[in-house]
Every structure is written in C-alpha cells, then in structure tokens.
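Visitor: Take a look at this one; I'll ask things after.
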Amino acid sequence: MKKAIIIAMCVACSVLSAGAVFAGDWVPSGANMYYTGGNIGVGTTTPAAPLHINGSVIGTDLSGYSTRWSFTGSQNGMTAGLVSPNYPYLQGYRDNITAAATAPLLLNPFGGNVGIGTTAPEFTLDINGTSAFRDNLNNKLIWTNARTTASYAGGSAHTQTILTGKTYYQNSTGGIGGWYLNFASPEISGMETPYIYTFENHNMRMGTVDNGYRHAEIEISNIPGRIMFRTGSWQDPSNTPSNPSGVRMTIVSTGNVGIGTMSPQSLLAVNGTITAKEVVVTLTGWADHVFNDDYKLMSLNELEKSIKTEKHLPGIPSADEVKKNGVSIGDMQAKLLQKVEELTLHVIEQNRKLENQNRKLENLQTENETLKKQMTGLQENVKR
0 MKKAIIIAMC VACSVLSAGA VFAGDWVPSG ANMYYTGGNI GVGTTTPAAP LHINGSVIGT
60 DLSGYSTRWS FTGSQNGMTA GLVSPNYPYL QGYRDNITAA ATAPLLLNPF GGNVGIGTTA
120 PEFTLDINGT SAFRDNLNNK LIWTNARTTA SYAGGSAHTQ TILTGKTYYQ NSTGGIGGWY
180 LNFASPEISG METPYIYTFE NHNMRMGTVD NGYRHAEIEI SNIPGRIMFR TGSWQDPSNT
240 PSNPSGVRMT IVSTGNVGIG TMSPQSLLAV NGTITAKEVV VTLTGWADHV FNDDYKLMSL
300 NELEKSIKTE KHLPGIPSAD EVKKNGVSIG DMQAKLLQKV EELTLHVIEQ NRKLENQNRK
360 LENLQTENET LKKQMTGLQE NVKR
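Start counting the sequence shown at 0; every next residue gets the next number (numbering that gives the first Met the number 0).
See below:
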C-alpha cells in the first residue's frame, strides 16, 4: 500500500509538472510496478537521473526506525534516522537495520579529508569543536578550543594547552603534562606499577611506584642534556620534576657522569668509595727522567731543610691542597714514583760512600794487623 501511494504521488507530480509521464509507461510486476519511460523529476522539469528530487525527502521503514538507501540493489546500504527526537544518526547496514546488525561506515575511503564543523578540513579527520575518545571504563581524552586545549577526564580531570603534531594520552589515574602513560594496576600480583609521563616544563620520567612510594626512576630533565637515575623508596606526591630524592646517578649536558652527586665537574665524578679489581690509568710524563745524566738531584741536606720548612716532600701537594682540590691518581702516581727514583739514587749514592768507607776500613784493619805483627817482633828482639 505504501509503495502504491508513493508511486501515485510521483506519477501525479510528473504529469502536472512536465506532462511527460503516461500510464502506459508504468509496468506492473506482481506486487511491484516500475517505470520505463525515462527520468522522473519531482520539483524539477529537467530530471538528470532516473529519479531526480529537488527538495527534501521524508520516509520511514516498516519498523518505524529510519529511512534506508540501498545503492547496490542488495540488502546492504546506508540508513539515517533518529535515535530520539534530538539525536539523528547515519549508519551503514547489512541485511537489516537492527542495532545488533550494523556495518562499517566508510568516509572518503579513496582519499580526501573529512571535516566536521568545518568546510575546509586540513587533516584526514578535522573536527572544529569538542571531540572525545573513550573506552568502556570511562577513560577518555577530550579535545577542545580549536586544537589548542586538551581536557583529560576519567578518575580525575585536568586541562592542558596542546600543540599541533603532539600526542596526548591519559587514563583514569589522572595526570598533568604533555604526554602521560600509566598502568592503573600491575599485570601480575605483587609487581610494582610502571609509569611514563612528562611535565609542562619538558621533564620526562619513567619508573615504578607502589603504594605511593617510588622505587626506581629515570628522569630526562628540562635542564638541557641532563638524565637522572633514582633508586630507593621515596614519596613525591606532587610529581615534582628534578626532585633530588633518591638520585643515584646523573648525566649532564657536558657528558659528565655523577654517581652520588648531581653536579659532576669531570667526566666521571663519584661521591663515595669505588671498589674495582683493576684500575688502568694512561698518561704521559712518567718519572723516568730522574735517571737522566743531567737530572739535578736535591741533596739530602736540602731535602731535610725543605721538609722542615714545608712539612711535606717537595713536588708533593700538601694536606690542605689535597683537601681543597683532591688528588689526580695518575699525576700522584708519577710524583710518588719520582720520589722513589730520587730515593733510589740517594740509596745508591749512600751505598757507594759506604763501600768506599768499608774499603778504607779494611785497609786500616790490614795495616793494623801488620803493625801488630811488627810490634810483636820488636818486643821479642828486646827480650833477647
């Protein structure tokens, strides 16, 4: 009945407007009827397609749910309608239009941009207005203010200025920053909760937390080139960037590495004790020049005077200097070797003197024995 009414309306409109439609052009086929005379125009005298309607179309399917179009002549097509009086929709369908049998709806699958709220879309999907992405746990990211502000919602709500080309994510645990990734609970019981997030001042931190206490963390600081490694157990409820709590190792922009210090002044600065099986120091300027023939060795008398005056060996830093500036291991080894070599030369010199004295003593002993023998002979001659 409904189809007959629609056909009659089309025929009447066509006859009144153009006078070009004849009853003989309508051919019955069972319960259906089709037109064989050319194009039909409704609201136009120059139809450009088999059915050309210049105006609005209102229709309802048999279920009263929506209007359907099938562009392929099959049961697959597109449906539009109202979920409620204030919520129209557009949906692809397959075989029927029940809510459980929907089909994908493709927008510009062969190229081009799709714009919502804009006539000049710049991206594959360009939304001029507020948009939200959510899952079934009510974790969502809301974009607003023409791509300048992102509002995070879920377990907590935050608003953050955003920039084009950036990615922003946050789940139901909340957070403030340019990028935030966190896992609300560990996958395995007993494991700590991992997290990765950034701050407004461009710090980036990743690590683990358990019951509000952080146990391990790597922080890429907003101070150019600085990386900090933390261990231990500390609380940082405000997520303060560059908080010194628990810092074990720091890498600064110069390439210096600090262990136990956040301000290393050399390539490797260790504030504490180092334990190693072996340490190899390479340097130039070893102390073998002490054995050169032209080396001027300080006499023992001069050495004694220097020690009494300076209270330390010549060429060796004093206790105050070591306390203030520290000690270069390689340089100190060379200086100590120089003192050992100088001491060796003194020992050699003293040994030479001792040998000379021993020879003289032996000669004196020999002469003394000779004199004793001569004295004994004289005494015997006198007795006779």
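Idealized CB from N, CA, C, for every residue including glycine.
All values derive from a computational prediction rather than experimental measurement.
Please name the residue in P313, E361, A318 and V326 whose C-alpha comes closest to that of V339.
Guide: Among P313, E361, A318 and V326, the Cα nearest to that of V339 belongs to P313.
Visitor: Are there 16 or more other CB atoms within 10 angstroms of the CB of V251, so buried, or fewer, so exposed?
Guide: So V251 counts as buried.
Visitor: Do M261 and V246 come within 7 Å of each other at the CB atom, strictly closer than that value?
Guide: Yes; because the gap between Cβ atoms is below 7 Å, this pair is in contact.
Visitor: Any idea what DSSP makes of E218, helix, strand or coil?
Guide: Here E218 sits in strand by DSSP.
Visitor: Give the range of the beta strand (DSSP E) segment to which D125 is assigned.
Guide: Element bounds for D125: L124 to I126.
Visitor: I need the boundaries of the alpha helix (DSSP H) containing L360, first residue and last residue.
Guide: Residues I328 to K382.
Visitor: At what residues does the alpha helix (DSSP H) containing A318 begin and finish?
Guide: It spans A318 to N324 - the alpha helix (DSSP H) in which A318 sits, taken as one unbroken run.
Visitor: Once you ignore the five residues that flank V326 on each side, which residues in its own chain have a CB closer than 8 Å to its CB?
Guide: Only P316 meet the Cβ criterion.
Visitor: Report the CB separation of L105 from V113 in whole angstroms; it is logged as a contact under 8 Å.
Guide: Contact flag wrong, Cβ pair sits at about 10 Å.
Visitor: Count the other CB atoms within 10 Å of the CB of G271; is the residue buried (16 or more) or exposed (fewer)?
Guide: G271 should be labelled exposed.
Visitor: Take L299 as the anchor and find which of Q378, W285, P103 and E341 has the nearest alpha-carbon.
Guide: Ranking the options by Cα distance to L299, first place goes to E341.
Visitor: Just the Cα atoms here: how many angstroms apart are I226 and A268?
Guide: Approximately 15 Å, taken between the alpha carbons.
Visitor: Are H51 and G40 close, meaning C-beta to C-beta below 7 Å?
Guide: A contact, by the Cβ cut-off of 7 Å.
Visitor: Locate the alpha helix (DSSP H) running through I273, then write down its first and last residues.
Guide: Element bounds for I273: n/a, residue is neither H nor E.
Visitor: Can you tell me where the alpha helix (DSSP H) with S298 in it begins and where it stops?
Guide: No alpha helix (DSSP H) contains S298, which DSSP labels as neither H nor E.
Visitor: When the Cα atoms are used, what is the spatial distance from L124 to T118?
Guide: Distance between the alpha carbons of L124 and T118 is about 12 Å.
Visitor: For P108, is the classification buried or exposed, using 16 other Cβ atoms within 10 angstroms of its Cβ as the cut-off for buried?
Guide: With fewer than 16 other Cβ atoms within 10 Å, it is exposed.
Visitor: Quick one: is Q337 buried, meaning 16 or more other Cβ sit within 10 Å of its Cβ, or exposed?
Guide: Result: buried.
Visitor: Specify, as a first and last residue, the run of the beta strand (DSSP E) that M248 falls within.
Guide: Element bounds for M248: V246 to I250.
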